[in-house]
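Please read the structure below before turning to the comments.
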Amino acid sequence: MPAGASKFYQTPALGHARWGFLLERAPTCRKTSCRMKKASPVSRSGRFSSGPGGDAAKFTESISFDRRLWRHDLMGSIAHATMLGGISVLTKVEAKRIIRALEAIGEDIEAGRFDWDESLEDVHMNLEAELTRREPAGAKLHAGRSRNDQVALDTRMWLRDEIVDLEEELRSLQQALVVLAQANDDVIIPGYTHLQRAQPVYFAHHLLAYVEMVERDRERLLDAFSRVNVCPLGSGALAGSTLPLDRKKVAVILGFEDRQGRPVVSQNSMDAVSDRDFAVEFCFVVSLLGVHLSRLAEDIILWSSSEFDFIRIADAYTTGSSLMPQKKNPDIAELARGKSARLVGNLVSLLTLLKGLPMTYNRDLQEDKEPLFGSADTIRATVRLTDAMLRHTSVNAAACAAAASDAALLATDLADYLVGQKVPFREAHHLVGEVVALAEKTTKPLDQLTLKELQGVSRKFKPDALEVFDLKQALAKRTAIGSPGTKEVKKQLRRWAKRLD
Ligand code: ARG
Numbered sequence: 011m012p013a014g015a016s017k018f019y020q021t022p023a024l025g026h027a028r029w030g031f032l033l034e035r036a037p038t039c040r041k042t043s044c045r046m047k048k049a050s051p052v053s054r055s056g057r058f059s060s061g062p063g064g065d066a067a068k069f070t071e072s073i074s075f076d077r078r079l080w081r082h083d084l085m086g087s088i089a090h091a092t093m094l095g096g097i098s099v100l101t102k103v104e105a106k107r108i109i110r111a112l113e114a115i116g117e118d119i120e121a122g123r124f125d126w127d128e129s130l131e132d133v134h135m136n137l138e139a140e141l142t143r144r145e146p147a148g149a150k151l152h153a154g155r156s157r158n159d160q161v162a163l164d165t166r167m168w169l170r171d172e173i174v175d176l177e178e179e180l181r182s183l184q185q186a187l188v189v190l191a192q193a194n195d196d197v198i199i200p201g202y203t204h205l206q207r208a209q210p211v212y213f214a215h216h217l218l219a220y221v222e223m224v225e226r227d228r229e230r231l232l233d234a235f236s237r238v239n240v241c242p243l244g245s246g247a248l249a250g251s252t253l254p255l256d257r258k259k260v261a262v263i264l265g266f267e268d269r270q271g272r273p274v275v276s277q278n279s280m281d282a283v284s285d286r287d288f289a290v291e292f293c294f295v296v297s298l299l300g301v302h303l304s305r306l307a308e309d310i311i312l313w314s315s316s317e318f319d320f321i322r323i324a325d326a327y328t329t330g331s332s333l334m335p336q337k338k339n340p341d342i343a344e345l346a347r348g349k350s351a352r353l354v355g356n357l358v359s360l361l362t363l364l365k366g367l368p369m370t371y372n373r374d375l376q377e378d379k380e381p382l383f384g385s386a387d388t389i390r391a392t393v394r395l396t397d398a399m400l401r402h403t404s405v406n407a408a409a410c411a412a413a414a415s416d417a418a419l420l421a422t423d424l425a426d427y428l429v430g431q432k433v434p435f436r437e438a439h440h441l442v443g444e445v446v447a448l449a450e451k452t453t454k455p456l457d458q459l460t461l462k463e464l465q466g467v468s469r470k471f472k473p474d475a476l477e478v479f480d481l482k483q484a485l486a487k488r489t490a491i492g493s494p495g496t497k498e499v500k501k502q503l504r505r506w507a508k509r510l511d
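Residue numbers for the sequence shown follow the working numbering, beginning at 11 and rising by one.
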């Protein structure tokens, strides 16, 4: 678990008995049934006689999608109230009453008893209005705070939770790959380049390639976490506040800490309210992860086809055809491949959104949420479904063995044999090319040629030349680190099983 995360879930800093309820990271924010009130424009400031109504309200509202930030918005408000109590902007009693009201609101939302009001635009205004309705001192809570630093805070806290959950799901996916690899650790398949049979590999080696890719994705995700885990609260609208805010205290309460337990707060108020690079970074990391998973999905699709028939996906992860009774289609894998398009699209949307924005906050930034939420939801569903599908996939060892018995896969080994006879590799490559041509001409598999036929091509072929075609031997000979050799693959399987334990 990344620094900042563990403390975050256990922080006793508020010393409030029911605080734990808000700190639970059960994804109930999505399950909460939320009722929507019809828009009823309300006056929101002394300057305006009314808020935007009708189409304008619909155009500007974000409550329909940002209400999923409610838990983090409440947590941020509780931390802010605690801090304001500490610097005497609120009395201790006021702070306590505000915190109690915020918690009660949280309980109501959790229980589906909260009416969201579109005319109040967003999650921040909805919650603040409700707070003030329940507790008059709530009108003091927004001192030293703007929705600009508030929304940056909420989004960072929300994303931090998503990253923690996704990281766990990625480990589980890696485990699923290792489990399938271990269960079939003696299965050999052709490895391909250009989708043409190339050289033999262990099936496990092929799967472990994805474990490596996902590991790099996981590392990138954790690296991105350190830049998400920075507290922007206290930056105000863009220029901080004249109040003596204790930003570090808020950061500690909310778990914005580095590995040494030191509070991490943003260092420039204008940057803090206006950049969304942390969201872009997350969208990039999950785009690349999605691209990796699309490649895995493609292999699964190919392997499950009648042409390959290397694997069987359990019925639950396939669908039938409405017309053709015999069909069993790998729809889950196809959608895992297809979903990566959205992830890349969301990344491009976010980058385009930020391009050329003047300092500092601009309402355009509200458009960051749907791509960000969409990418998080999409990648997490893709990871979970790919994981489950792999755990319900079996290997057709006979079909794999038949494909791997293609002696042409060992043509390179035959060239290596000649290298062992001191033939320069380029010449060996040429000679084996002649052997392959001879096999084609005589319509014999490579390993059925006689020693006499081989020696007709080169006297360098000795009686042991045909031993090259022993597949098990061929794989045992691959001893270099990272190769698909028998010992090396076993070693890698052990390494991953231990690491993921
Ligand atoms: N709903 C807004 C968003 O997501 C919140 C911030 C609004 N700030 C403002 N000054 N209008 O960006």
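Ideal placement from N, C-alpha and C gives every residue a C-beta, glycine not left out.
Excluding five sequence neighbours on each side, which residues of the same chain lie with their C-beta closer than 8 Å to the C-beta of residue i?
{"i": "S385", "result": "F292, C293, V296, S297, R352, L353, N356 and L357"}
{"i": "P455", "result": "D416, A417, A418 and A449"}
{"i": "E477", "result": "Q483"}
{"i": "S411", "result": "Rather than Ser, the amino acid found at residue 411 in this sequence is Ala. Cβ within range, chain order: V197 and I198."}
{"i": "A475", "result": "L424, Y427, L461 and L464"}
{"i": "V290", "result": "L357, L360, L361 and L364"}
{"i": "F383", "result": "F75 and R78"}
{"i": "V274", "result": "G14, N239, V240, C241, A261, F266, E267 and D268"}
{"i": "A507", "result": "V188 and Q192"}
Cutting at 6 Å between CB atoms, please list the residues of its own chain near residue i, excluding the five before and the five after it.
{"i": "S72", "result": "D132 and Q376"}
{"i": "V499", "result": "Y212, A214 and H215"}
{"i": "I342", "result": "Y327, L395 and M399"}
{"i": "V442", "result": "A421, L424 and A425"}
{"i": "S314", "result": "I321, I323 and P340"}
Going by beta-carbon coordinates alone, are residue i and residue j separated by less than 7 Å?
{"i": "G95", "j": "K102", "result": "yes"}
{"i": "K150", "j": "L100", "result": "yes"}
{"i": "T403", "j": "I321", "result": "yes"}
{"i": "L424", "j": "K470", "result": "no"}
{"i": "L163", "j": "G64", "result": "no"}
{"i": "A515", "j": "V260", "result": "Because the chain in this structure spans residues 11 to 511, residue 515 falls outside the shown range and cannot be described."}
{"i": "P200", "j": "A413", "result": "yes"}
{"i": "R347", "j": "A307", "result": "yes"}
{"i": "N523", "j": "D319", "result": "Only positions 11 to 511 of the chain appear in the structure, and residue 523 is not among them; the question remains open."}
{"i": "M167", "j": "H302", "result": "no"}
{"i": "R107", "j": "A147", "result": "yes"}
{"i": "L510", "j": "R237", "result": "no"}
{"i": "T496", "j": "L481", "result": "no"}
In the DSSP assignment, the alpha helix (DSSP H) including residue i goes from what residue to what residue?
{"i": "Q502", "result": "T496 to L510"}
{"i": "T9", "result": "Since the displayed the chain opens at 11 and closes at 511, residue 9 lies outside it and no answer follows."}
{"i": "I109", "result": "K102 to E120"}
{"i": "I342", "result": "D341 to L364"}
{"i": "D281", "result": "S279 to S284"}
{"i": "I321", "result": "Counting along the chain, I321 falls outside any alpha helix (DSSP H), though it belongs to the beta strand (DSSP E) covering I321 to I323."}
{"i": "D309", "result": "D287 to S314"}
{"i": "D125", "result": "Taken as a continuous stretch (DSSP letters only), D125 belongs to no alpha helix (DSSP H), being part of the beta strand (DSSP E) at D125 to D127."}
{"i": "D426", "result": "A421 to G430"}
{"i": "D416", "result": "From DSSP, D416 is part of no alpha helix (DSSP H); its letter is neither H nor E."}
{"i": "V445", "result": "F435 to K451"}
{"i": "T70", "result": "G64 to T70"}
{"i": "M167", "result": "R157 to A193"}
{"i": "G244", "result": "Element bounds for G244: n/a, residue is neither H nor E."}
Excluding the 5 residues preceding and the 5 following residue i in the sequence, name in chain order all residues of the same chain whose CB lies nearer than 7 Å to its CB.
{"i": "L183", "result": "V224, V393, T396 and D397"}
{"i": "S245", "result": "D159, S276, S279, A282 and V283"}
{"i": "M369", "result": "M280 and S284"}
{"i": "R228", "result": "E177 and L180"}
So residue i packs on residue j, CB below 8 Å; how close in whole Å?
{"i": "V161", "j": "V188", "result": "Contact doesn't hold; Cβ gap of about 40 Å is too wide."}
{"i": "L360", "j": "D378", "result": "6 Å"}
{"i": "E138", "j": "A111", "result": "Not quite, the Cβ-Cβ distance comes to about 11 Å (not below 8 Å), so this is no contact."}
{"i": "A153", "j": "L253", "result": "6 Å"}
Is it buried or exposed for residue i, if we count other Cβ within 10 angstroms and need 16 for buried?
{"i": "A431", "result": "Contrary to the premise, residue 431 reads as Gln rather than Ala in this sequence. Burial call: exposed."}
{"i": "E178", "result": "exposed"}
{"i": "S350", "result": "buried"}
{"i": "Q336", "result": "exposed"}
{"i": "F266", "result": "buried"}
{"i": "Q185", "result": "buried"}
{"i": "L176", "result": "buried"}
{"i": "L205", "result": "exposed"}
{"i": "R333", "result": "A small correction: the amino acid at residue 333 is Leu; Arg does not occupy that position in the sequence shown. The residue in question, L333, is exposed, as its Cβ has fewer than 16 Cβ neighbours within 10 Å."}
{"i": "G271", "result": "exposed"}
{"i": "F18", "result": "Summary for F18: the model assigns pLDDT 38, below 50, so the residue's position carries little reliability, and this model does not support an answer."}
{"i": "E104", "result": "buried"}
{"i": "E438", "result": "First, the amino acid is wrong: residue 438 is Ala here, not Glu. Answer is buried; the Cβ neighbour count reaches 16."}
What residue does the beta strand (DSSP E) around residue i start on, and which one ends it?
{"i": "Y212", "result": "Q206 to Y212"}
{"i": "S385", "result": "Looking at the DSSP string, S385 is not in any beta strand (DSSP E); the run it does join, the alpha helix (DSSP H), is K379 to R401."}
{"i": "R143", "result": "Segment V133 to R144 is the alpha helix (DSSP H) holding R143; no beta strand (DSSP E) there."}
Any Cβ of chain B within less than 7 Å of the Cβ of residue i?
{"i": "L79", "result": "Of the chains in the structure shown, none is chain B; there is only one protein chain."}
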